[in-house]
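Enquirer: Dropping a structure here in structure tokens format, bear with me for questions.
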Amino acid sequence: MNFLLLCVLCGYVSAYNLIVQVNHRYLNSCFEDLREWIVAYMRSNQIGGEFHQTLRTGSIQATDLQTTNLTLRFASLEHHRGEHYVQMKGFNIKLKGNWYYKLFYIITDSGTFSLSVDDMNITIGNIEPEVFSGLPFINTDLNCKTFYGSFAFSLDRPKTLSNILSRFMYRLMRNKFESTICMEVTRAFDAFLRHGVEQLSFRHALPSGAILNNSLVSKPLLSAEGDLTTYHYGIIKESTMPVAELSPLERHPHDVTYLLKPQLLEEILSTIHQKSLFDGFALKLSMALINPATSFKCQTLHTFETSTSEYREARNFLTKHFPYISPNSWLPTYYGDRNHARDAFEY
């Protein structure tokens, strides 16, 4: 399960005035690939930042910083006291670069250096969702804090006045390193999210020929627990525009919940079938109706949930639109409440 899967879920399901609720546990699982993304991003990109200092007797600078080795134990999305952070632990990095100094504006020299920082913890936040042109983004004004165990700097080939130079270079790199690493990991995180957004599709052609616009109508909401709610236009006609005021919604315990108008329920299930999103083989997902004609959900179990009074209607509907599902494959089991039934089917 990863962030791209969440993007696919939001992108392929057509809806009419759609609201998507994502459980915090499922949302956290979408960031499982963040660690690999950050490592790959920082290994393949040159470290930015300005390492330059003017001294009374001249100037020193470091340039062309490259990552020679990088490991990261884990990265995750954390929620604490209503705020949301990206937490990285066990960050170890080795860098190499070029140094240059000018003494009394007459004597100049240059060479290479090595830098190693171990056991670093990095926290980025508070993460606040935003919306721009109907697309989900985050507020880029993020705080970043770092803590590390060891910081080692050395000149690869000591030269004249190397002891003095090494002392100044160490101080320069130590003062600039934290802000530089924060900038780089924030860029990597931003690239991770933007890559996910690029996978989203907000225009969907329905079998009727209509086009649905599922752009966001307002910025996404993150609850204190980390549950994400997104509000989409999902409209065909201007007269069906949703109201600007959004009232609090009942929380649902499922991984992903889609709340939608009943008029497009049949279109939605047809679209899901055509896209083969919930085929049960590739993604191991299922679909279920909750209070049919008012909401739709998906979760990691193969279940179809409905009340007994609506069982026949839902069964006939699925048999009509999903002919490859054999009625004999339905496995009915019942809760203690005789008015409620849970029926599972396999693809």
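According to mature numbering (1 follows the signal peptide of the UniProt record, and there is no 0), the stretch in the sequence shown is residues -15 to -1, 1 to 332, in order.
Just so it is clear, CB atoms sit at the ideal spot from N, CA and C, and this is done for glycine as well.
At a threshold of 8 angstroms, does L120 count as lining the ligand SAH (C-beta to nearest heavy atom)?
Expert: Here there are no bound small molecules, and the ligand SAH is not part of this structure.
Enquirer: Excluding the 5 residues preceding and the 5 following Y218 in the sequence, name in chain order all residues of the same chain whose CB lies nearer than 6 angstroms to its CB.
Expert: N198, S200, V202
Enquirer: Quick test of your reading: L213 and M158, contact by CB under 8 angstroms. State the CB separation rounded to the nearest angstrom.
Expert: Not quite, the Cβ-Cβ distance comes to about 39 angstroms (not below 8 angstroms), so this is no contact.
Enquirer: If distances are taken between C-alpha atoms only, which option among I4, H180, T52 comes closest to V102?
Expert: Looking only at I4, H180, T52, the smallest Cα-Cα distance to V102 is reached by T52.
Enquirer: Check whether the stretch 6 to 16 and the stretch 127 to 139 are in contact - that is, three or more C-beta pairs closer than 8 angstroms.
Expert: no
Enquirer: Verify the CB distance criterion: does E163 have a CB-CB separation below 9 angstroms to chain B?
Expert: No chain B appears in the structure shown, which is made up of a single protein chain.
Enquirer: Could you have a look at A60 and say whether DSSP puts it in helix, strand or coil?
Expert: strand
Enquirer: Starting from V7, follow the alpha helix (DSSP H) in both directions and report where the run begins and ends.
Expert: Counting along the chain, V7 falls outside any alpha helix (DSSP H), though it belongs to the beta strand (DSSP E) covering 4 to 7.
Enquirer: Does the stretch 48 to 65 touch the stretch 12 to 29, meaning 3 or more C-beta pairs lie closer than 8 angstroms?
Expert: yes
Enquirer: What did DSSP end up calling D141 once you bin it into helix, strand or coil?
Expert: coil
Enquirer: Rounded to whole angstroms, how far is the Cβ of I107 from the Cβ of F136, which I believe are closer than 8 angstroms?
Expert: Not confirmed; about 14 angstroms, so no contact.
Enquirer: Using the C-alpha atoms, what's the distance from T56 back to L150?
Expert: 29 angstroms
Enquirer: Is it buried or exposed for E169, if we count other Cβ within 10 angstroms and need 16 for buried?
Expert: buried
Enquirer: Less than 9 angstroms between the beta carbons of I32 and L19, yes or no?
Expert: no
Enquirer: Check whether the stretch 38 to 45 touches the stretch 84 to 93, taking contact to mean three or more Cβ pairs, one atom from each stretch, closer than 8 angstroms.
Expert: yes
Enquirer: Looking only at its chain, what residues have a beta carbon closer than 8 angstroms to the beta carbon of N111, apart from the 5 residues adjacent to it on each side?
Expert: E68, H69, Y70, L127, N128
Enquirer: Check this for me: beta carbons of M154 and F117, under 9 angstroms apart or not?
Expert: no
Enquirer: Taking the beta carbon of S14 as the centre, do at least 16 other beta carbons fall within 10 Å, making it buried, or is it exposed?
Expert: buried
Enquirer: Keeping to the same chain, check which residues put their C-beta closer than 8 angstroms to that of R66; ignore five residues upstream and five downstream.
Expert: Cβ neighbours of R66 beyond the five flanking positions: A209.
Enquirer: Pick helix, strand or coil for Y216, following the three-state DSSP scheme.
Expert: strand
Enquirer: Where does the unbroken alpha helix (DSSP H) through A19 begin, and where does it stop?
Expert: In the sequence under discussion, the amino acid at residue 19 is Leu, which differs from the Ala named in the question. From DSSP, the alpha helix (DSSP H) with L19 extends over 19 to 29.
Enquirer: List the endpoints of the continuous beta strand (DSSP E) containing D94.
Expert: 92 to 110
Enquirer: Can you tell me the Cα-Cα spacing of D94 and F132, whole angstroms?
Expert: 33 angstroms
Enquirer: Which whole-angstrom value is the C-beta distance of I109 and F174, which I expect to be below 8 angstroms?
Expert: 6 angstroms
Enquirer: Would you kindly work out how many angstroms separate the C-alpha atoms of I35 and R188, rounded to a whole number?
Expert: One detail in the question is off: residue 35 reads as Glu in this sequence, not Ile. Straight-line Cα distance between these residues: approximately 43 angstroms.
Enquirer: Within 10 angstroms of its Cβ, does F89 collect 16 or more other Cβ (buried), or is it exposed?
Expert: exposed
Enquirer: In terms of alpha-carbon separation, which member of N54, F16, L12, Y11 lies closest to S29?
Expert: N54
Enquirer: Rounding to the nearest angstrom, what Cα-Cα distance links G119 and T215 in this structure?
Expert: 11 angstroms
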